[in-house]
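Asks: Here it is, the structure in full.
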Amino acid sequence: MNRSDRVRSPCVSVCALDEQEICIGCQRTGDEILRWSRMTDDERRLVLKEVAKREEKVGL
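Under our numbering, the residues of the sequence shown are numbered 987 to 1046, in order.
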């Protein structure tokens, strides 16, 4: 698998954590952001599923 086949980061360059330590731009936790580059694609897909749930919860 080459680099372009990897699961891409949801980062939208709006980086600020809210009171729950969730980024207001990409809806990842601070820990998820820090670990992203070391995650497998399967781990990244799981994070993206959680991101989708968080987006739905806040109405994004």
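Cβ coordinates follow ideal geometry from the N, Cα and C atoms, glycine included.
1. In whole angstroms, give me the CA-to-CA distance for L1020 and K1035.
2. Going by the CB atoms, is the gap between V1037 and R1013 shorter than 7 Å?
3. With H, G and I counted as helix, E and B as strand and the rest as coil, what does DSSP make of I1008?
4. Using a Cβ-Cβ cutoff of less than 7 Å, which residues in the same chain neighbour D1027 once the five nearest sequence positions on both sides are dropped?
5. To the nearest angstrom, report how far apart G1066 and V1000 are at their CA atoms.
Replies: The answer reads as follows:
1. 17 Å
2. For the sequence presented, residue 1013 should be read as Gln rather than Arg. Contact: yes.
3. strand
4. R992 and V993
5. It is not possible to answer for residue 1066, since the shown part of the chain is limited to 987 through 1046.
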